[in-house]
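Data first, discussion second: the structure below is written as structure tokens.
In our numbering, the protein residues as written are 77 to 256.
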């Protein structure tokens, strides 16, 4: 999955530099989404954020992602898988382009699944259609309790002389893909 995410940010950089045309990029995205769907489990949705920075200050980038995408990565829904890829494109005169893609694969709720699609899926997987799909046990209950109690993580707060402002451009885009 990370390789597919890497291909996306590489192509996104090529589009920004004018190395590929918009039509070629759209064709790539369509094929890329199909590739993602083939790797995703059935009845999952992918939500991804692409983030662009024209600077490479790691602490400011981390802080920015932490603040802007907090709801994205603190989702308490069960059956979530995260994937990420990042790339720094160095250019002449100390110019950089930092592209990051953060993806979350989340199970579609049973209320949102068409019953006929679920029945068809069960038939293709030799699952008894009279039995409900079993939920997996949560294996990280201790981690959940630690997070809820306020432990297990650090929050970055600026110290004297630091600022929360970014030194350059920041851009965030959203991608959503479903597999039913």
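In this text, a Cβ means the ideal position worked out from N, Cα and C, and glycines have one as well.
Three-state secondary structure assigned by DSSP to residue i
i, result
"residue 105", "helix"
"residue 133", "coil"
"residue 185", "coil"
"residue 154", "coil"
"residue 144", "helix"
"residue 111", "helix"
Per DSSP, the bridge partner or partners of residue i
i, result
"residue 247", "128"
"residue 93", "BP columns for residue 93 are empty, so no partner."
"residue 162", "176"
"residue 255", "120"
"residue 85", "Its beta-bridge partners do not exist; DSSP assigns none."
"residue 167", "171"
Minimum Cβ-Cβ distance from residue i to chain D less than 7 Å
i, result
"residue 92", "Protein chains in the displayed structure number just one, and chain D is not present."
Nearest-angstrom beta carbon gap, residue j and residue i [assumed within contact, 8 Å]
i, j, result
"residue 132", "residue 164", "6 Å"
"residue 83", "residue 123", "The Cβ separation is near 18 Å, so there is no contact."
"residue 125", "residue 93", "Actually they do not touch by this definition, with Cβ atoms about 21 Å apart."
"residue 113", "residue 248", "Going by Cβ atoms, the distance from residue 113 to residue 248 rounds to 23 Å, so no, they are not a contact pair."
"residue 174", "residue 129", "4 Å"
"residue 121", "residue 184", "5 Å"
"residue 141", "residue 127", "6 Å"
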